[in-house]
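Accompanying notes for the structure given below.
There are 4 protein chains.
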Amino acid sequence: MTTSANMICSSNVSREEVLQQFQKVQQETDKLCHPLKIEDYMLQTSPEVSPPKWHLAHMTWFYETYLLLPFLENYQSLYLEHRYLFNDHYIQAGKKFSSAHQSLLSRPTIEDISHYRQYVHQHMVQLIETADEQSWQEINFRLLMGIHHEYQHQELFLADLKYSFYLNPFYPVYREDLASSPKRQAPLIHWLEYSSGLDNIGFSGEGFAFDNECPQHEVYVNFFCLASRLVTNAEYLEFMETGGYERSELWLSDGWEMITKHHYNRPLYWEKIEGQWHYMTFKGIQPINMGEPVSHISYYEASAFASWAGKRLPTEVEWELAARDLIIAGNFKEQDLLHPAVAKDNEDLLQMYGDVWEWTRSPYMPYPGHHTPDTPFGEYNTKFMTNQMVLRGGACLTSIETIRSSFRNFKYLHERKSFSGFRLAEDI
Amino acid sequence: MTTSANMICSSNVSREEVLQQFQKVQQETDKLCHPLKIEDYMLQTSPEVSPPKWHLAHMTWFYETYLLLPFLENYQSLYLEHRYLFNDHYIQAGKKFSSAHQSLLSRPTIEDISHYRQYVHQHMVQLIETADEQSWQEINFRLLMGIHHEYQHQELFLADLKYSFYLNPFYPVYREDLASSPKRQAPLIHWLEYSSGLDNIGFSGEGFAFDNECPQHEVYVNFFCLASRLVTNAEYLEFMETGGYERSELWLSDGWEMITKHHYNRPLYWEKIEGQWHYMTFKGIQPINMGEPVSHISYYEASAFASWAGKRLPTEVEWELAARDLIIAGNFKEQDLLHPAVAKDNEDLLQMYGDVWEWTRSPYMPYPGHHTPDTPFGEYNTKFMTNQMVLRGGACLTSIETIRSSFRNFKYLHERKSFSGFRLAEDI
Amino acid sequence: MTTSANMICSSNVSREEVLQQFQKVQQETDKLCHPLKIEDYMLQTSPEVSPPKWHLAHMTWFYETYLLLPFLENYQSLYLEHRYLFNDHYIQAGKKFSSAHQSLLSRPTIEDISHYRQYVHQHMVQLIETADEQSWQEINFRLLMGIHHEYQHQELFLADLKYSFYLNPFYPVYREDLASSPKRQAPLIHWLEYSSGLDNIGFSGEGFAFDNECPQHEVYVNFFCLASRLVTNAEYLEFMETGGYERSELWLSDGWEMITKHHYNRPLYWEKIEGQWHYMTFKGIQPINMGEPVSHISYYEASAFASWAGKRLPTEVEWELAARDLIIAGNFKEQDLLHPAVAKDNEDLLQMYGDVWEWTRSPYMPYPGHHTPDTPFGEYNTKFMTNQMVLRGGACLTSIETIRSSFRNFKYLHERKSFSGFRLAEDI
Amino acid sequence: MTTSANMICSSNVSREEVLQQFQKVQQETDKLCHPLKIEDYMLQTSPEVSPPKWHLAHMTWFYETYLLLPFLENYQSLYLEHRYLFNDHYIQAGKKFSSAHQSLLSRPTIEDISHYRQYVHQHMVQLIETADEQSWQEINFRLLMGIHHEYQHQELFLADLKYSFYLNPFYPVYREDLASSPKRQAPLIHWLEYSSGLDNIGFSGEGFAFDNECPQHEVYVNFFCLASRLVTNAEYLEFMETGGYERSELWLSDGWEMITKHHYNRPLYWEKIEGQWHYMTFKGIQPINMGEPVSHISYYEASAFASWAGKRLPTEVEWELAARDLIIAGNFKEQDLLHPAVAKDNEDLLQMYGDVWEWTRSPYMPYPGHHTPDTPFGEYNTKFMTNQMVLRGGACLTSIETIRSSFRNFKYLHERKSFSGFRLAEDI
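This is the structure we're talking about:
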């Protein structure tokens, strides 16, 4: 339920452009809701999952809290007393309801929430069109934050929904009309070599970025090799079938404890049905396409696979140096597959963007010289920078609008609900 | 979520009468649903609570399982594969889903469940009208069971809903149109004396009863006194205000552990708002009517109050001997208050029937000579006969159709979700 | 860790006799300690187990608290500040240490505790010899309580130690010198018939008894049959081998939950080693003697066995009526077997006293007309009278000095650490 | 209970020298035991604590397993079947007993363990004196590992004992004869500046080191400042008194969750007694010496203090660069204070070695180019490299024999049982 850190830099965009971006992201959110039944909006199948109803209310709460209430004169909140229900989990104080218990609330209903969204939307349009020039820079900044915040919650909305549908023994279908990725073998892996030396990573220049990507800074890297594509389901199955989950020497200590305690022996969403491996998808339960990248893998599983293969995971520095000159393209939400796809054999370095978030072996920590920005969102900047690892590159639920070579996602090492996979690296 | 034990005796009733009873109970269930929003059907606010959607499906599942599938030729179940979801918790084997996790399921939707109810209803009418004479006796018996089962689940449906609405910080109103019980003082308590000797309790004769009320059997009782009415909110408040919840010597050991662990210091549903005591009702949060019987009390709290008052709770034998000659009348579901009412001063012995279930100091055990009946429901007969206490007399959510002087309800000693209160007794 | 309820009646015994009783029980306690290593005194292998060190200190604390401090002039407590550590669990208030955490304390050491015991012992002798006549009656009463209290803790001391040694994978031997009960078949069961009618149970007359055995009172009983001996290990094994632990219909609901949750499938202390059933004893791990009564059985297991056998457990009324005319003799602690023995074929009704505590189907509740006695121990009288069942007859760890036909032991239904078994009954 | 990683490099030392080192470390272990009572050896006050008895057996088990059994001909283990009890927690497979439950075992007794230690000691001397030259290099390597392993367990032995004694409400004294550190003010902090650029950290050269310190590798650092001394109790108290534990904005998210869940509001071992702050020490409970470095602090607390002070923690690279040219000297175990001391004002950079382990903001990860060494200990090399932070410099329980500028200790972020404190850093 956590969103990434906060923007620090933004270019000047015209009001018309921003308005279009705002309307576009809101339409896309509406589109995500079309296949849902009212009952689906209530689903909270674990404390880490938020009900769809809450995601919707929360995205809207952001605009109301940081834009309408401070900047739109005479704005009256529609649900003043309910607003704290839509807050997210980091503001704990005084909450009677933690977000872990949203499913205990049937009211406000989804009809109420839809009304709230329309109401805020109309007032946001009004604000964008009428704000005075003096406030506009701040509004512009906050609005871009809100839009990126909504994109991130769209991804969480879908990932949470997949998990909730998976727990239903009848595996409901979210969208029957989704295309299937073609079943074919993945291309052979080859290894790309990178040389050692001083270099720079991190964001600089114009445009939108979060403060955790800043500042750009110098790093020293050794020689390294990177695999040309992601690890596939077929390769992961071989790891499973050769005892990967039983050989403690392959596992990090905390990872071994996790799989022992929870009896993990396969990726999240894999089920063997009548002798054949299936997985849960947004089209329901399906036979596994073995050439696709493996997904819904914890860091521990990625790390154990790498040990088994005699390799390692790349660092985020290595990933960024390899990725920064590539054109950003790939299997993102805009492709509307909502599922990873088999790598095409069209380039040297494949699948760096899209398909699945790639676990790196880099703990999520502030960059040297990083300082918490002085914004309403600034206080939360570094608070998640412990016990999490960095993931890079975006996934099939991520909007391409939000991805940069410097973008840092981060997850706890046990998390498997997002589309997380990995590629291998090695020292030279 | 547990229903009472099973019928052992039934009179012969005509098909027309039974059909009417069946249609009546189903209409009453429908009526309970009118005030609900679709989201409300999903609420499962604790593992002991069942979502409204499940109650509806389960009542219908009973008719399908015990009547249509065995007796109606060519009957096709509408949801053959979903049926195990509607089973109740005592059939554990092979269940992927415990009833404690029904809220994780958004599908089948309430629309699906309504369809299922109509479908089964129509086929039930057909069965009642067309069953051959040879099967009728068994069908009649099972149908009466199903009707009583539905009445009991109506009570659970409402009790669970009250709890779920209470957990919503905005205290939704179930029915704005409910009458309020008049605010007046309860009549003074006087003590009715009963003499010692051999007597009989338990069910005998014609009509419907559960096997746990049988057989009628001899008992020896000492002299005893019974309070003329139930303990009121005003009296309970005095217990609270004089340190009732802090004085360990008043409490049973397990009860003291319960209130210490959960920090209990008042009945379920009581909240102090701006210095005044309120409670949750089906009309939302309301100032407490102090003359009404106290309710939503665990056995431990009833017992501690009795110690504080220098009295004791009655046994179920004492209660039944006192009640058996009274006419069965009182504040039942048919009064449509859905809340206890202040006692009227119109008789010697007040509130024996209706208002609240009365805790007795009798553990729920089989009567001497009891044997498990040889019916499809028989196997569950005595399985709840440990660690529970008997409650008597019915409550404001109970249908008067289901109450007898010999009727035995039973609850774990910590339970507070049903309308449970108590009257005092003493030795002479 | 709970001891039984409190004495209500006592005969006059001379000071010499009481002094001898006191010295005898203390010597017996010392004798129990001889086989222990210092490390053994620290063992607390579950929250329900007390370390031997605590049992010793607690027995002594009783005499100091209820006799020396109030009655012996100028008595100075040796460990005034440590005394609360030796209190038992019902006095919770102000305790930094619950008795569930005694094993966290290495100091005071067992040497300190021994010193404390000697110190209190000497002062007790002084008190008995020098107390004035006026106080003697109260001292006599309290001293008898203390002696019975010490006998009960001797039984707990041994039962807790057996459990703690069992958890050591090397199964330490407590006493190598214990005799083994002869291996032979138990006599065939025959059924003794008892007629119906009004009768009396409970304690009356001279001598020591606890208040929970009082008052003697009238009861009505139906015809019943009682098995001539206890159920044996061989019979219990047959229950196990014919699926007793897998057939949910045999089990009480709470019992089925218990065995499912804890994966119980055999009595406590049974282990299959190289294909042969063994059990833990005070002589270490031993092959099971199949003719002995089964022991270390919860109420739920006894009840499931009775269902499987088509019988039931007796009520405590039935047990007492059958037992009251027998001479009290049997396999008690004084036989120094510390283990149940195969029944001899020398009487109609066998093993009513000694060997194992017999589960009855009677919930532990106050007798009609029972009132809490006004003594320093009185406040705890009825506080355990919920959620427990009555056991009768004493076991191989019980001193014969403490047993009467009216003696009521009580345990939670899941408990298995004491020597608890059962005999069957049935209606006629 | 975890020891650090494994040696990778060792110089050649003569047999006489190694024998002396071995005898010295074993004598020091014996000396640690002198103040203990037998009961103390049983203490396991949390699952993370090992009983003294286990530490002793485990240190000896190491020599037997890795040296005597493989290298000493005809060696017979004294406790062949008990040996798995002395194993440490990373060998999980097949264990009936986890090390978290050692306190459930009273046998083998401490007398047995002492016997085992002497037996192994004698055979070790024999091995050192008689091993052939061919095996000596491997024996030498393993023996150095064993000696360092024993030094680390001495530190754990004492840290665990302090925790166990703290839980005793009478705060036992471990050693009355320990000197107290003088009560005086700490010198003012000044800030030492370090310049940016490429540099090297990590171990190289001759002598003993663990593989996690290798290889030496290039790093790029920015300009930074380091505080001249550790943060003191007085400074930490100011943080507490100005609401440090109530201001969520100062805390990492996981840290805020920890202090909220456990109600932390002060360092481990601090207690306010009659209005004055005390802490637990090896001399029992004592008034706090405010000039000493604060200790028994989790990473989260160190990080929150740094936020409050507007600074940050140093990285391990920064620490090592600052420390590598200092002479290794300070308040180590050899000073026999067993407690941190107030900084003297004798140098620019104070307390880098000894007193307390210093939390760095560096996650514990493998160095670039690190490879798991191919030794019997190698398999465990990187398995702890997740979710832990690096600490540097050694503490008052650490032997100076074991410390290097490159030495990396590591702990979970919530841990407080070791002597852990911190110094501040900042960017320039």
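Residue numbers (this note's numbering), protein chains in the order written: chain B, 2 to 429; chain W, 2 to 429; chain R, 2 to 429; chain Z, 2 to 429. The beta carbon of each residue, even a glycine, is placed where N, CA and C say it ideally should be.
task: Please name the residue or residues paired with W:Lys273 in a DSSP beta bridge.
output: W:Trp278
CA-to-CA distance, B:Leu238 to B:Gln277, given in whole angstroms: 12 Å
- prompt: Given that W:Phe171 touches chain B, what residues does it touch there, using C-beta distances under 8 Å?
  reply: Glu82, His83 and Arg108
query: In its own chain, which residues sit with a C-beta less than 6 Å from the C-beta of W:His191, not counting the 5 before and 5 after it?
result: Ser229
- prompt: Shorter than 7 Å from the beta carbon of W:Glu40 to some beta carbon of chain A?
  reply: Within the model displayed, chain A is absent; protein chains B, W, R and Z are what it includes.
query: alpha helix (DSSP H) containing W:Val126: first to last residue?
result: Ile111 to Thr131
message: Starting from Z:Trp62, trace the alpha helix (DSSP H) in both directions and tell me its first and last residue.
response: Pro53 to Tyr64
task: May I ask you to report which of helix, strand or coil DSSP gives W:Trp360?
output: strand
message: On a Cα-Cα basis, can you pick out the residue from B:Arg393, B:Arg108 and B:Pro188 that is closest to W:Pro36?
response: B:Arg108
- request: Using only alpha-carbon positions, find the residue among Z:Ala58, Z:Ser78 and Z:Leu105 that is nearest to Z:Pro48.
  value: Z:Leu105
query: If you run the structure through DSSP and keep just helix, strand and coil, what is Z:Val174?
result: coil
field: Range covered by the beta strand (DSSP E) that runs through B:His218
entry: His218 to Val222
task: Could you list which residues in chain B have their beta carbon closer than 7 Å to that of W:Ser104, in chain order?
output: Ser104
query: Can you tell which of Z:Asn75, Z:His122, Z:Thr110 and Z:Gln155 has the C-alpha that lies nearest to the C-alpha of Z:Asn419?
result: In the sequence on display, residue 419 of chain Z carries Ser and not Asn. The candidate whose alpha carbon is nearest that of Z:Ser419 is Z:Gln155.
- prompt: In terms of residue numbering, what span does the beta strand (DSSP E) encompassing W:Lys412 cover?
  reply: Asn410 to Tyr413
- prompt: Cβ atoms of B:Val126 and B:Val222: under 7 Å apart, would you say?
  reply: no
message: Please report the distance separating the alpha-carbon of R:Arg313 from that of B:Gln45.
response: 46 Å
task: Could you work out which residues of chain R lie near Z:Met125, taking near to mean beta carbons separated by less than 9 Å?
output: Those within 9 Å of Z:Met125 in chain R number zero; the least Cβ separation is about 26 Å.
message: Using the Cβ count rule (16 or more neighbours within 10 Å means buried), how would you classify Z:His149?
response: buried
Chain-ordered neighbours of W:Ile255 on chain R, where CB pairs are closer than 7 Å: According to the sequence provided, residue 255 of chain W is Asp. The question's Ile does not apply to it. Result: Thr387 and Asn388.
task: Name the residue from R:Phe171, R:Thr233, R:Tyr195 and R:Phe211 whose alpha carbon lies nearest to the alpha carbon of R:Leu189.
output: R:Thr233
query: With a cut-off of 8 Å, do at least 3 Cβ pairs link the region 395-408 of chain R to the region 153-169 of chain R?
result: yes
- request: Determine, using beta carbons only, whether Z:Leu189 comes closer than 7 Å to chain B.
  value: no
query: Along the chain, where does the alpha helix (DSSP H) that runs through Z:Cys34 open and close?
result: Arg16 to Cys34
- request: Please determine, among B:Ser78, B:Ala342, B:Met281 and B:Phe204, the residue with the shortest C-alpha to C-alpha distance to B:Ala187.
  value: B:Ala342
task: Using alpha carbons as the reference points, say which of W:Lys284, W:Ile129 and W:Phe211 lies closest to W:Glu177.
output: W:Lys284
message: Given this structure, state the Cα-to-Cα distance separating Z:Val26 from Z:Phe204, to the nearest angstrom.
response: 24 Å
Chain Z contact for B:Asp428 (CB, 7 Å cutoff): yes
message: I'd like to know if W:Leu414 contacts chain R, where contact means its C-beta is closer than 7 Å to some C-beta of that chain.
response: yes
- request: Would you identify the three-state DSSP class for B:Asp428, choosing helix, strand or coil?
  value: strand
Continuous beta strand (DSSP E) stretch holding B:Phe225: start and end: Phe225 to Ala228
field: Contact set for Z:Thr131: own chain, Cβ-Cβ below 7 Å, skip 5 residues either direction
entry: none
task: Would you grab the beta carbon distance between W:Thr361 and W:Pro288 for me? Rounded to a whole angstrom, and I think it's under 8 Å.
output: Going by Cβ atoms, the distance from W:Thr361 to W:Pro288 rounds to 31 Å, so no, they are not a contact pair.
field: Where the region 261-279 of chain R meets chain W: residues whose CB sits under 8 Å from a CB there
entry: Thr261
- prompt: What residues in its chain sit with their C-beta under 6 Å from that of W:Tyr280, if we drop five residues either side in the sequence?
  reply: Tyr270, Trp271 and Ile289
- request: Taking W:Glu258 and W:Ser407 to be in contact with their CB atoms under 8 Å, please state how far apart those CB atoms are, rounded to whole angstroms.
  value: With 8 Å as the limit, W:Glu258 and W:Ser407 do not qualify as a contact, their Cβ atoms being about 34 Å apart.
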